[in-house]
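Visitor:
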Amino acid sequence: MPWIPAGIGASFVLGGAVFLREVVLRKARNRFILIQNRLDYNLKNVHIHSSMNRNANKLSLQKNADIINKILQKSEAAKVLGKLSDGHWEVFEICSEYLRVNESELENVGIGSPRIAALRRGKEVIGDLHRYHLLTWAQIESRSLTEKAKNSAVVSEKLETAQSALSVLDSALKYYPNDLQLTASEGAIKEFIASIKISHWIEKAERSAFKGNYKRAISHYKDALYFLARENVQSLEKDSIADKINREIENLRDLAEKKEQAVITKKSKRQKIND
Numbered sequence: 292m293p294w295i296p297a298g299i300g301a302s303f304v305l306g307g308a309v310f311l312r313e314v315v316l317r318k319a320r321n322r323f324i325l326i327q328n329r330l331d332y333n334l335k336n337v338h339i340h341s342s343m344n345r346n347a348n349k350l351s352l353q354k355n356a357d358i359i360n361k362i363l364q365k366s367e368a369a370k371v372l373g374k375l376s377d378g379h380w381e382v383f384e385i386c387s388e389y390l391r392v393n394e395s396e397l398e399n400v401g402i403g404s405p406r407i408a409a410l411r412r413g414k415e416v417i418g419d420l421h422r423y424h425l426l427t428w429a430q431i432e433s434r435s436l437t438e439k440a441k442n443s444a445v446v447s448e449k450l451e452t453a454q455s456a457l458s459v460l461d462s463a464l465k466y467y468p469n470d471l472q473l474t475a476s477e478g479a480i481k482e483f484i485a486s487i488k489i490s491h492w493i494e495k496a497e498r499s500a501f502k503g504n505y506k507r508a509i510s511h512y513k514d515a516l517y518f519l520a521r522e523n524v525q526s527l528e529k530d531s532i533a534d535k536i537n538r539e540i541e542n543l544r545d546l547a548e549k550k551e552q553a554v555i556t557k558k559s560k561r562q563k564i565n566d
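According to the numbering used here, the sequence shown holds residues 292 to 566 in order.
Right, dumping it as structure tokens:
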């Protein structure tokens, strides 16, 4: 009967629509929950900042302990949020504010005060969190920007995004200039930026050579050599890249000379025919 297959088909279409709707709603719901969590996190951080500002000159033992506990809670929340760099940055800022107040209190606290030990302990605990969340933020942000740069097809956008990743690391290095992980990441991104520039000029040289414009190709290869030396690339392949470029330049010079000689010969033959 013709209505049976039609009914079955309609059932499949309806079922697929319901399934698709559930997927879309689930994604929307998850995104809403994530945004709500981040909003709650930001609002609670405002309370901590205001609490420290109000009590900057009278940080009692109890208030000091309360603020430290709240910062610890925010730290755990940022870890739970995982790859959201904003959470780590906000905890870092709270830690910076506490350390500023803590330092001021330690300078003015009376000798023999029971607050000295608590303030020193708070400085140690929050100092560790300050470092952890700043480094985590820098790692997440720089990796995200580097991946974005790698996936970009436009050279200018690729360079701009890679420079942004380098700026993130520079911000962290201002606080911890001797951190080995930060310095290693900085070196890797600098090499990446240099490779973008070098690859750009090599590609331009190859296109010019393909079109038979050998002199322009040589000029582009020289630009690539300039950036290879100027960016101070420390890669083991540096010498190999330089050798390859120099060989290409020599080959292009030979081709350019042959091309010029062919043009001269052609003109000479044409002149003889005219004579």
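Glycine included, every Cβ here is placed at the ideal spot set by N, Cα and C.
Under 7 Å between the Cβ atoms of Ala-500 and Leu-519?
Guide: Locating residue 500 in the sequence shown gives position 209, where the first residue counts as 1. Locating residue 519 in the sequence shown gives position 228, where the first residue counts as 1. No.
Visitor: With C-beta atoms as the reference, is Tyr-517 less than 7 Å away from Ala-496?
Guide: Residue 517 sits at position 226 when you count from the first residue of the sequence shown. Residue 496 sits at position 205 when you count from the first residue of the sequence shown. Going by C-beta atoms, Tyr-517 is not nearer than 7 Å to Ala-496.
Visitor: Distance, Cα to Cα, Gly-418 vs Leu-410?
Guide: Walking along the sequence shown from the start, residue 418 turns up at place 127. Walking along the sequence shown from the start, residue 410 turns up at place 119. Looking at the two C-alpha atoms, the distance is approximately 12 Å.
Visitor: Helix or strand or just coil, what does DSSP make of Val-314?
Guide: Counted from its first residue, the sequence shown places residue 314 at position 23. Here Val-314 scores only 47 on pLDDT, less than 50, and its place in the model is too uncertain to base an answer on.
Visitor: Hey, would you say Val-459 sits closer than 7 Å to Ser-433, going by beta carbons?
Guide: On the sequence shown, position 168 is the one that residue 459 refers to. On the sequence shown, position 142 is the one that residue 433 refers to. The answer is yes: Cβ separation under 7 Å.
Visitor: For Gly-478, which of helix, strand or coil comes out of DSSP?
Guide: Start at 1 with the first residue of the sequence shown, and residue 478 comes out as number 187. Here Gly-478 sits in helix by DSSP.
Visitor: If you follow the alpha helix (DSSP H) that Gly-418 is part of, which residue opens it and which one closes it?
Guide: In the sequence shown, the residue the question calls residue 418 occupies position 127. From DSSP, the alpha helix (DSSP H) with Gly-418 extends over 406-442.
Visitor: Quick check: the Cα distance between Gln-364 and Lys-370, rounded to an integer number of angstroms?
Guide: Here residue 364 is taken as the residue at index 73 of the sequence shown, counted from 1. Here residue 370 is taken as the residue at index 79 of the sequence shown, counted from 1. If I take the Cα positions, the gap works out to 10 Å.
Visitor: I need the DSSP call for Val-337, collapsed to helix, strand or coil.
Guide: For this step, residue 337 is matched to residue 46 along the sequence shown. Any reading at Val-337 needs caution, since the residue's pLDDT is 46, under 50, leaving its predicted position unreliable; the model's value is listed next. Here Val-337 sits in helix by DSSP.
Visitor: Under 8 Å Cβ to Cβ from Tyr-389, same chain only, skipping five residues before and after it: list those, please.
Guide: As a position in the sequence shown, residue 389 is number 98, starting the count at 1. If we look at Tyr-389 and ignore the five residues flanking it on each side, its Cβ neighbours are Met-343, Ile-358, Ile-359, Ile-362, Gly-413, Ile-417.
Visitor: Figure out for me which residue from Ser-559, Ser-351, Gln-430 has the closest Cα to the Cα of Glu-396.
Guide: Residue 396 sits at position 105 when you count from the first residue of the sequence shown. The shortest Cα separation from Glu-396 among Ser-559, Ser-351, Gln-430 belongs to Ser-351.
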